[in-house]
Amino acid sequence: GPLLFNDLEPPVFARHPELAEAKAALLEAGALGAVMSGSGSSVAGLARDQGHAGSLAGRWPSARVVAGPR
1 GPLLFNDLEP PVFARHPELA EAKAALLEAG ALGAVMSGSG SSVAGLARDQ
51 GHAGSLAGRW PSARVVAGPR
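By this note's numbering, the letter at position 24 of the sequence shown is numbered 24, and the numbering carries on one by one without gaps.
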């Protein structure tokens with residue numbers, strides 16, 4: 001949502017469009033939100049629960065799934 005943002009996204013996405021594509025792909029796949037971390041070392045997607053996270057990550061075999069507090 002609008003509270004999930006990184007001010008560095010516009011300049012980094014301009015130089016590295018593959019990161020913008022990764023964020024868009026997460027959102028198109030059903031992530032509740034997506035954001036570039038820090039200065040662009042990764043893009044994270046927000047999932048409803050661990051099952052949803054696994055479903056999202058299944059689209060990208062090299063993805064890592066990290067679950068937060070339950």
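Built from N, CA and C at the ideal position, the CB exists for glycine as well.
For residue j and residue i, believed in contact at Cβ under 8 Å, the rounded distance
| i | j | result |
| --- | --- | --- |
| ALA34 | GLN50 | That pair is no contact at about 17 Å. |
| ALA22 | VAL43 | 4 Å |
| GLY40 | VAL12 | 5 Å |
Exposed unless 16 or more other CB atoms sit within 10 angstroms - verdict on residue i
| i | result |
| --- | --- |
| LEU3 | exposed |
| LEU8 | exposed |
| ALA31 | buried |
For residue i, the residue or residues it bridges with in DSSP
| i | result |
| --- | --- |
| GLY33 | LEU46 |
DSSP state of residue i mapped onto helix, strand, coil
| i | result |
| --- | --- |
| PHE13 | helix |
| GLY38 | coil |
| LEU26 | helix |
| GLY58 | coil |
| ALA63 | coil |
| LEU3 | coil |
| GLY68 | coil |
| LEU19 | helix |
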